[in-house]
Structures are given as structure tokens and as C-alpha cells.
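Notes for the one structure printed next.
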DNA sequence: AATGAATGAGCTTTCATTCAT
DNA sequence: GATGAATGAAAGCTCATTCAT
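Chains as they are written, first to last, in my numbering: chain A, 8 to 206; chain B, 8 to 206; chain C, 8 to 206; chain D, 8 to 206.
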């Protein structure tokens, strides 16, 4: 059972690495098997189909993100500190594991990602909404739906990562500017008088 | 020439619709041809290969977005009004043309999207950076790189659209909340004293 | 009629050049048309089909060879001189027009070349057999079937050409040896006591 | 390993038979597979591509010829006997395996046959050149390049086979004449006073 | 006669999946 | 459980040929 879990994880990690470089459709099952050092047929001992493997990959990556981020959060700290820590940990994780980011982006924009899936229960999303819920309850964040706050913040983190990925080489000078992004986002979501709204 | 352009556009639009529903790899060339009412071989009169068609699709969609958005911008208005108009027009365009959004998301997260492509010249990106440049020059926006501002704002718009796409049915109650998102983003990017930074 | 003939010849020559480099199946009709400066459809004004064009090419090349070689033969000379002249003119022609040789070789070894075709009437072959017939009648050649003599001699010429084509660069030293080949062939076919036959 | 070799050989033999009748381009991979009793995809387990299969076919046929002919040569016999045996064995092999001859002719006159390939190492060609080298060293053959002798002799054998293939039906009377061809060739290559050369 | 866009049959090739060993 | 050769549906693409202009 333990060994089996190890082999399954090995396959998932192999798939992740290959998908990072070649995309879903540039990554045949046989390539995943070879990279993991097993025979092609063996993949079907652990997954019902390639599609099934990709769906499990989604679950796997999300749970890895959840474990990594939630374990580093200290609820006893002031919320603003927790927010900056979340930002730092998320960007750190994605930069350390580009395969996570590449996979998630591809998955989300693929036909695998259905409305049902998005609305299904999900520990990571629940944790994240609870996180923002706490910010609201502590009167630190604007009293909006935590779901919306979560999406806005995660979206901004992805944008920053994407930027670093594509322009990294050219833009070391701007690194300090990039450090301002979480502050901008924080300024957007923190409790405050809303600016002159636009009718 | 005119007819040819029409047929090429017809093929592009057909591809866009089908890719929205089935993804790049769920959309064979034959399906695009059938949907456009031509023979499979005809596609190759207008595109060198399927990959070439997808790259042209990217150019096509970007130029459509550019035309739509830039034509609706009035530089004589105060910048904040222009910002809200941009937001409204972008979300309106993406909601009216879901195929545009689905395609762009898939393209960006696919292996088609290379670093070189991201760094190449692009009217739409240039227009967008000039837009934010003007906000900075008018002392309305924070003095950051317009590139970064553009990415943050576009990323947030995409996040909002994604949210609407997946949760729309359940969440009519939140619509007013969604209307607050551009205000949050505006609060994040407008010139102001930065909040207590986090060391 | 004259202009038409010119265009047909132009197409034939274009086809020949392209087939030399790319082979029958590497030479689409559209490529021939483009090379000749006409539209693809125009080819079908002059030929019923691509296969038909290839068959006409065979006739065309053979008649060109026939015209070239027969016009340079002087029946008043001693036969041995005529033989060496034939050899020289054939090798000269093939080296000057590699497209002729490449085409003929390909045609002969292709499914186009049927037994019927080989046995059909053919001015070039008839001229050639008459040539060797005269050698026999003049008691200079062995009294064999002129058909067989023709095939032996032509086959040897082809062999020599092939050798020059593939080993030319390396083998300038051997050129004088190559000059001995027609003498060897002459020694083989000239009237003489046959060597000790092998039972 | 043994089974795999068997199946590969089965595919090669199937391809050979079909190419004999239909030519390279009249023989789809699917036809080869069907003839061998396997699925189309299976061909790609043994060959990287159709082109690759054709190149392997060339190697295969040449090695078969080499094995057949070299095994039947007895170097202890007088050279003239060995020469006539070579002739007889070659014509016998080609007549017994017309697919060998058809394939080799097509291959040689196709774009597959490059100058590099012709100049590459090749056991069969080396054996053949050594064969003629021995004739020279035994003072039986003219002191020419063995390469040239090999080409001349092989070319003549091919010519004879071609003749038999196309005129066989009509020409039983000539069979005795055909038997004279190797004697003519022998007379051409054997050591002797060259005939009156032609300036 | 000439054009060249359109056609679609037919090809090569890939790859998810199966199953005898 | 593991293997990997075999499968065959399905894809991308080519190109001989047609036909409205």
C-alpha cells in the first residue's frame, strides 16, 4: 500500500514535470511511464485513464498547495502579517515548483475544468475562504464575499508569477516594484472608505 | 481578396467557437472546416498548419480586443472615468464573446505561448501600457511600471470574468459585490500613501 | 498550335528538372505548374492526368535522345568509330542533361514501365537495333541478336554514368580508367573467337 | 528477440513483395501491415517511419544478396570459374527473387539513394571489390580499379535480368544467346591486349 | 484557354488502451 | 502487479483533379 502510494506519486510527479514542458497533449502516457521508469501499461494500474490521471493531478496539486500554505499560516498573528505571508508563500511555492503553476493554469483553462468541478467541495478553497472570512471578522478586510476576495488575491498572485516567468530576465531592475504589488492589493482589499465610486 | 478575407475570418470564427467548447485538442481541423461549411483541405489554403491557425487566432483575437477597447476610450475624460470604462468594456467584451476569453486563457497557458512571443511587439499591449502611462503622467496612478499596472489590472479582470463564468448561476445576489471589484483595484493602483508596508 | 506546343514543352522540361531533384512523387503537379509559370489547372489542358504527363515525358525524352544521337551518327564511317562515337555522345548527353538520365532510370524501374510498353514500337530502340544490325552485317560484331547487344551496351553506359554521378568527386584519378570502359565493352562484343567457354 | 526479429523480417518481406508490384508510392504502410497480418500501427513498432522502413529494406536486401552470393563462392577455384559462378548465382538469385531486383532498381534511382549512401561502407560492395581485386592479383583480369570492374559486371547482369523480365515470353529462342552474355563480359574484362583503341 | 480556390480521398503517423505473458 | 507489443481509431496533412469565373 505504501509502495503503491509511492509509485502513484512518482507517476503524478513525472506527469507534472512533463506537462510543465510539453503541455497535456504533448505528454503521452508512454512518456510519463518512461520518465517514471515503469511500463506504459502500469499507468493503468493506478489510473483508469489519462483523463482520470489529469483529474487526480488536479486534486494532488491542490492538496500540496493546501498543505504547504496552510501549514505556514499562523492564525495568532495580525491579519495583515498573515496576508503578506500568504502572498510570499504562494509566490515562493509557484516559483519553486513551476510545474504546479503550469499545470494549474492549463487545467483551469481546459475543458477538464467544468462548472461542476469549480463548485464542488475543496479543502484548499475552503481554507482560503475561511482565511479571508477571518480578515473580515477581524474588521480588517472589506465586508465582501470571501469567495470574491480569494479570487481577486489569487488572480493577482498568478499575474505576478506570470510576469516573472516571461519577463524575468529583462526586469531585474523592476524587482522592487514587484514587491509593491501585494501592497497595492492589500490597499484594494483592506477596510477603508471606498474611493469616489463611479456611477 | 475580399472574399478570401471573409473565408479566412469565417474559419477563424468557427475555430474560436469550437475551441471555446472543446479546447485546442478537442477541435480537429475537420471539425473547424465542417462548422465553416468547407472541405477539410480548404483550411490549408488559408493556414499552413493547425498550429499556424492557432497562432493566427491569437493575433486575430488580440487585434479584435484592441480595436474594440481602444475605439471606446476617450482620452479627454478624467483618468478614473477612463479606467472604469476600460473595466466595463473589457468585462462586457469577454462576456459577450466568451470564445475570446476561453481562447486567450488556453493560449496563454499552452506551449504555444513562448517567452519570445510575450516579449514581441504587440499593438494591444502597447496601447494598454500607454494608457497606464497617461494615468501616471496625470499624477493619478502610482508611479510604477505601466507594464506591471497593466498586468495587475488585466489579471483582475480575468479573475472576475472567471468567477462570473463558473458561479454566475448561484450568485446573482453578489452582483453588486462584483461591482466593487474595479473599485478595489482602483484603490490599489491610485496614487496614495502606501499603507503600512510589511518589512 | 505552335504556342501550345511551346507551352507543352515548357511543362515537360519543368517536370523533368523537378523530377531530377525530387523524384516522381516528390513533384506535385502544382510544383510543375509553378515552375513553368502557369496555373495548376492549366496542366490539365495539355495532359489528361499526371500519369499521362509522365508517360508523355518518357516519349519526349526518348525522342530527344533519338534525335541527338542519330543525328550525330555517320553511317559512312567504320563501325568501330561509330561505336565509340555513340558511346561518347550518349555519355555526353546524359552528363549534359542529368534530368534525362534520372527520369529514364526512375521510369524504367517504376510500375509505369510495363512489359507491353517495353515491347511496343519505338523509333529509338529500332534505330539502335539497326545500328547494331549493321555492325553484325559488316562482320564486325558477334552475330547475336541486335536487341541483346543494344541492351548490353546501353546498360554499360548507364553503369558508367551512375559511377560518375556518385563517385565523381573522389575519382578524378580514375578518369583515364573510365575511358577504358568502352574499349572493354568493345572487346566483349566485337567478332572474335569466344574465349574458353564455361560448360 | 527472436519473435521480434521474425516479425520485422515478415514486415520486410511483405513490403518487398508489394513494392515489386506497386512501387514505393503505390504501397501504403497499411497495405504492408495487412499483407503481414498485423495492424497498421504495428509497423511503427519496428520502423520509425515509412522512409526508415525503406532504408532498412535496402540494408536487408543487400545483406541477403551478400550472404547468398558470398557463401556460394569458392576461392580455391580458378578465377574464371568463380566469375561464371558469380554470374550464374546473381542471375539465379534475381530470377528467384524478383522482388529483390525490383526493389534495388527502384531504390537506386530514387531520391533515397544519395551520394553519401553510395560512398558509405557496405559489406557487399567490399566483398565484391575484393573478389575482383583477387582476379587482378591473379593476373587474370585487367589491372583496373576493382570498383569499376564491379560496376561494369553488375550493370551487365542487371541488363540481362531486365531483358529476361521484359522479353522472356517472346524469346525462348534466344536463351542460348543470353548464355553468351557472360562470355562477352568476360572477354571484356579479362587480361589481354586491348583492341585498337580509338583516339 | 487560363486560372486557382475548392475538394475529399487517401496517406502517414500518433497514442490511449488492452491483454497475453 | 508489471510488462510492452499490438491495436486501430482518429488526427494532420497532401495533392491530383475539377470547375466557376
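Glycine residues also receive a C-beta, built at the ideal position from the N, C-alpha and C atoms. No experiment lies behind these values; they were computed from the predicted model shown.
- Annotation: Cβ neighbours of residue 173 of chain A in chain B (cutoff 8 Å, chain order): 122, 125, 126.
- Apart from sequence neighbours up to five positions away, the residues of its chain that approach residue 168 of chain C with a beta-carbon distance below 8 Å are 98, 101, 102, 108, ordered along the chain.
- Put simply, of D/199, D/33, D/35, D/173 the residue whose alpha carbon is nearest the alpha carbon of residue 121 of chain C is D/173.
- Annotation: residue 142 of chain B has no Cβ neighbours in chain A at a cutoff of 7 Å; minimum Cβ distance is about 13 Å.
- Taking C-beta separations shorter than 7 Å and ignoring five residues to either side along the sequence, the partners of residue 67 of chain C in its chain run 19, following chain order.
- With 16 or more other Cβ atoms from the protein chains shown falling within 10 Å of its own Cβ, residue 192 of chain D counts as buried.
- With a 10 Å radius around the Cβ and a threshold of 16 neighbouring Cβ atoms, residue 194 of chain A comes out buried.
- Per DSSP, the continuous alpha helix (DSSP H) segment holding residue 167 of chain C begins and ends at 153 to 174.
- Look at residue 99 of chain A: its C-beta is not under 8 Å from any C-beta on chain B.
- Within the model, the alpha-carbon separation for residue 115 of chain A versus residue 93 of chain A is close to 21 Å.
- At a C-beta separation below 7 Å, residue 196 of chain C has these neighbours in chain D: 191.
- Taken atom to atom, the span from the alpha-carbon of residue 199 of chain C to that of residue 132 of chain C is near 26 Å.
- Below 8 Å, enough C-beta pairs join the stretch 145 to 156 of chain A and the stretch 78 to 92 of chain A to call them touching: three or more.
- For residue 106 of chain C, the uninterrupted alpha helix (DSSP H) segment begins and ends at 105 to 115.
- When secondary structure is reduced to three states using DSSP, residue 84 of chain B falls in the coil class, being assigned neither helix nor strand.
- Here the C-alpha atom of residue 40 of chain D lies approximately 48 Å from the C-alpha atom of residue 197 of chain D.
- When Cβ-Cβ separations below 8 Å define contact, residue 113 of chain C makes contact with chain D.
- For residue 139 of chain C, the enclosing alpha helix (DSSP H) starts and ends at 130 to 144.
- The way I'd put it, the stretch 156 to 165 of chain C does touch the stretch 155 to 167 of chain D; three or more beta-carbon pairs between them come closer than 8 Å.
- Under the three-state reduction of DSSP, residue 187 of chain B is assigned to coil, being neither helix nor strand.
- Straight through space, the alpha carbons of residue 31 of chain C and residue 113 of chain C are spaced by roughly 8 Å.
- Measuring C-alpha to C-alpha distances from residue 12 of chain A to each of A/53, A/60, A/80, A/76 identifies A/53 as the nearest.
- In the displayed model, residue 197 of chain A falls within a strand according to three-state DSSP.
- With a contact defined as Cβ atoms closer than 8 Å, residue 119 of chain D and residue 61 of chain D qualify at about 6 Å.
- Ranked by how close their Cα comes to the Cα of residue 96 of chain B, the residues B/72, B/111, B/134 have B/72 in first place.
- Per the DSSP secondary-structure output, residue 148 of chain B pairs in a beta bridge with B/197.
- Looking at the backbone, the Cα of residue 153 of chain D and that of residue 186 of chain C are separated by about 15 Å.
- The beta carbons of residue 64 of chain C and residue 110 of chain C sit closer together than 8 Å.
- For residue 158 of chain B, the C-beta contacts it makes with chain A under 8 Å involve 166, 167, 169, 170, in order along the chain.
- If you check the CB distance, residue 184 of chain C and residue 143 of chain D do not come in under 8 Å.
- CA-CA distance, residue 139 of chain B to residue 129 of chain B, rounds to 16 Å.
- In the three-state reduction of the DSSP assignment, residue 48 of chain C falls in the helix class, which pools H, G and I.
- A straight line joining the alpha-carbon of residue 33 of chain B with that of residue 23 of chain B spans about 12 Å.
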